[in-house]
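Okay, structure first, notes after.
Residue numbers (mature numbering (1 follows the signal peptide of the UniProt record, and there is no 0)): -22 to -1, 1 to 93.
Right, here's the structure in full:
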């Protein structure tokens, strides 16, 4: 009886311990983009949602900064920036991929008026 109680206690502690350490992989990064309007916001957030490991992406159009919550075991900042640049936007110091940029509507290109 005491042995079962002891083993149950150890099992409970091990489960609590692993759930506490599981969150260590969750990270957050803020990346400055060249987004202009709500269409840009939707496009960037949608494409980041398909990136493996991304849990949440939210772009503030006013500041042009996208805040991304992600699992660092599945992706990293370089991959997140690559996703944004392939979508056609600058990501911090990384300039937009020309093919992605050419696919953007004119309002979403640099110098565009936005919506």
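All C-beta atoms in this analysis are idealised placements derived from N, C-alpha and C, irrespective of residue type, glycine included.
query                                                                                                             : result
Residue ranges of each alpha helix (DSSP H) within the region 51 to 85, 4 or longer                               : 55 to 65, 76 to 81
Where residue 13 sits in the DSSP three-state scheme                                                              : coil
Simplified DSSP state of residue 29, which is helix, strand or coil                                               : coil
Any 3 or more C-beta pairs closer than 8 Å across the region 41 to 49 and the region 4 to 17                      : yes
Pairwise C-alpha distance: residue 81 and residue 53                                                              : 25 Å
Outcome for residue -5 when other beta-carbon atoms lying within 10 angstroms are tallied against a minimum of 16 : With a pLDDT of 46 at residue -5, under the threshold of 50, the predicted position of this residue should be treated as unreliable, and no value is reported.
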